[in-house]
Amino acid sequence: MRLRVFEARTMTEALEAMRRALGPDAVIVASREDARGVRITAAVEREDDLHLLAPESEAAPSDRKLLDILTWHGLPEHAARILLAGEKMAPSADPVAALAAVLGQRCGPGIGSLLQGVRAVVGAPGVGKTLVAAKLATAAALAGRRVRVFHADDARAGEASRLRELLAPLEIAPRPLSTATADELAATETELVVVDLPGVDPTRGTELARLAQLVASARGRPLVVWPAGADPVDACDAASNFAALGVRDCIVTRIDLARRLGSLLAAVACGLRLAALGIGPSLDRPLVTVSPVRLATLIVERASPSRSVAACRRP
């Protein structure tokens, strides 16, 4: 998905410029007309980026046991065994197929399921919550939904400014949560309300208690933003704590920057459900619906012995 802004004297001229630049599949996300002319924000969808990480056509190695593959990614063995509990795999079975079956039980129904109701975006500091909040709002706007965005009253000035900047092309102005009315926090099936909450340390009980209060005041379903490259042992503890708080879904970010995906695996082993993947740090790289087969291919392929040896030899 790419967002572009077009300004012209008339709507006809703006639409012509949009079609020249983005082609016939472009859709209008927002428009405004005043005495100076017309301003429209348009977008065009493009194929998601997950294929850049793990092409479906590539054969994955099948000479390693699935448990070995998971521990290669840094997942603690006890968590790997929890993840694989009940999965019976013959010695000659394809590890991609077996892992895809496991992940398929722990994936959400798709990005579309996140684009309605009230979504409270939570997570540790610096994991990309604000960008994910903006991506959710953008995806909902492109789907034709009404969107409202709020942020916590104690959000840092830089965070609130960043959120306003990201949402400016959509002409959505985020507001402090305390200014929201009960009606504004009661989204219908055709509306999405996004609440960007401050980062918390998931190992501190006082911060989690405060987060629980904020989620309750937002009347939303919490959605945790999860960094792919975090320490897997710490990730197990954090996932368990977020799950105990009532968090079910997670969006995993930075999957394109992390070679070992133990943090992602820890999230699903310790109580969270994969809702979407975030690839790239910009708004024009949309959230990606999880494909269990493609994700399993990526995990198994990266753990191949040949790639591990090559990485060690790289200067």
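Per the working numbering, the sequence shown starts with residue 1, numbered consecutively.
For each residue, glycine too, the CB sits at the ideal point set by N, CA and C.
For clarity, every value in this text was computed on a predicted model and none was experimentally measured.
Please state if the CB of residue j and the CB of residue i are separated by a distance shorter than 7 Å.
i, j, result
"ALA228", "GLY271", "no"
"ARG119", "VAL194", "yes"
"GLU189", "GLN116", "yes"
"LEU170", "LEU208", "no"
"ALA134", "VAL147", "no"
Closest by CA to residue i, which one among the options?
i, options, result
"ARG175", "ALA218, THR188, THR190", "ALA218"
"ARG331", "PRO281, PRO24, ALA239, GLY246", "The structure shown has nothing for residue 331, since the chain only spans 1 to 315."
"GLU301", "ALA8, GLY23, TRP72", "TRP72"
"LEU192", "VAL149, TRP226, GLU16", "VAL149"
"VAL200", "ALA267, ALA238, ALA93", "ALA238"
"ALA235", "LEU22, ARG32, PRO76, PRO24", "PRO76"
"PRO95", "LEU114, LEU66, HIS78, LEU103", "LEU66"
Distance check for residue j and residue i, CA to CA, integer angstroms please.
i, j, result
"ALA212", "ALA97", "38 Å"
"MET11", "LEU167", "22 Å"
"ALA269", "GLY128", "22 Å"
"ARG20", "ALA8", "14 Å"
"ALA187", "GLN105", "28 Å"
"ALA139", "ALA80", "33 Å"
"ALA173", "GLU165", "9 Å"
"LEU197", "ARG285", "22 Å"
"ALA35", "GLU16", "20 Å"
"ALA296", "HIS151", "35 Å"
"SER291", "ALA85", "21 Å"
"GLY220", "THR179", "16 Å"
"ALA266", "SER113", "23 Å"
"ARG210", "ALA143", "33 Å"
"LEU177", "LEU283", "23 Å"
"LEU22", "ASP256", "26 Å"
"ALA182", "SER31", "28 Å"
"HIS78", "LEU298", "22 Å"
"GLU13", "GLU33", "13 Å"
"VAL102", "GLY37", "54 Å"
"LEU99", "ALA303", "13 Å"
"ALA93", "PRO24", "46 Å"
"ALA141", "LEU70", "38 Å"
In chain order, what residues of the same chain have a beta carbon less than 6 Å from the beta carbon of residue i, not counting five sequence neighbours either side?
i, result
"GLY74", "PRO232, ARG260, GLY262"
"VAL215", "ALA120, PRO222"
"ARG273", "ARG106, GLY108, ARG248, ASP249"
"ASP68", "none"
"LEU264", "ALA228, VAL252"
"PRO125", "GLY199"
Output needed for residue i: all residues of its chain with C-beta closer than 8 Å, excluding positions within five of it in sequence on either side, in chain order.
i, result
"MET18", "ARG4, PHE6, ALA26, ILE28, ILE40, ALA42"
"ASN241", "PRO202, THR203, LEU208"
"ASP153", "PRO176, LEU177, SER178"
"ARG145", "LEU115, GLN116, THR190, GLU191, LEU192"
For residue i, which residues from the same chain have a beta carbon less than 7 Å from its beta carbon, with the 5 sequence-adjacent residues on both sides left out?
i, result
"VAL225", "VAL121, GLY123, VAL127, GLY128, LYS129, VAL132, ILE251, THR253"
"ALA258", "ALA228, GLY229"
"ILE82", "ALA269"
*Is the stretch 203-213 touching the stretch 160-172, taking contact as three or more C-beta pairs under 8 Å?*
As far as the Cβ criterion goes, the stretch 203-213 does not touch the stretch 160-172, which means the pair count is below three.
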